[in-house]
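A short write-up of the structure that comes next.
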Amino acid sequence: MRVHGVERGVSRAGRPTSLFHIEMSQRYRHTAGFADPFYRGIDQGVLRATRCDGCGAAWFPPRPFCPVDLAETAWYDLPGTGTVTAATRVHIPPPFGGVEAPYLLASIRLDGVEGGITHRVLGDRIPEKGTVVAVKFMEGVPAHPLLRAAFEIEGRAA
Ligand SMILES: [Zn+2]
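For the sequence shown, this note's numbering begins at 730 and goes up steadily by one.
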């Protein structure tokens, strides 16, 4: 932590005030644990989900165990396409940074799985419900591993 300065002032009630300018930075080592194949998939340019070999149920976000069979699930690759169910324009950056506001955020039902993701959509136009999108993977080291992925608008659902 570092204090860069102090603003001295007076409140509306006439009391003296002090506003400290503080910079804080922290580093963490955080294991991906069970989700390691998911994050390796992001680096390899693929979204991964899990499936129960017993009943065939599949999940995204991935789950380690089937809640019905209590069996360990298996990883598989998704096609990376999906359909927008809702979208909005966000006017504040995410808490981990790395995205300029405003940006587009959409809830996306992913193809190949029961489930989806609420994630960033590239472009300036808010996609309508039913818009088909496809994941795109960025180069470089983003502020958060999930920012390697964003969705591009492909068109309207048939
Ligand atoms: Zn199952």
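The beta carbon of each residue, even a glycine, is placed where N, CA and C say it ideally should be.
Heavy atom of ligand 1 within 7 Å of residue i beta-carbon
i: D786; result: In the sequence as displayed, the identity of residue 786 is Ala instead of Asp. Yes; taking the cut-off as 7 Å, the Cβ of A786 has a heavy atom of ligand 1 nearer than that.
i: G783; result: yes
i: V797; result: yes
i: A761; result: no
i: A800; result: yes
Paired residues, beta bridge with residue i - DSSP
i: L833; result: R818, V850
i: L876; result: In the DSSP output, where bridge partners are listed per residue, L876 has none listed.
i: P745; result: V739
i: R756; result: None, per the DSSP bridge assignment.
Residue i vs residue j beta-carbon contact at 8 Å
i: R838; j: G811; result: yes
Among the options, nearest to residue i - alpha-carbon criterion
i: I855; options: T814, L807, D798; result: T814
i: H848; options: H820, F763, A816, G859; result: A816
i: Q755; options: R731, S740, I771; result: R731
Entirely within the segment 758-825 and at least 3 residues each: give me those beta strand (DSSP E) ranges in chain order. Correct list: 777-780, 803-806, 810-819.
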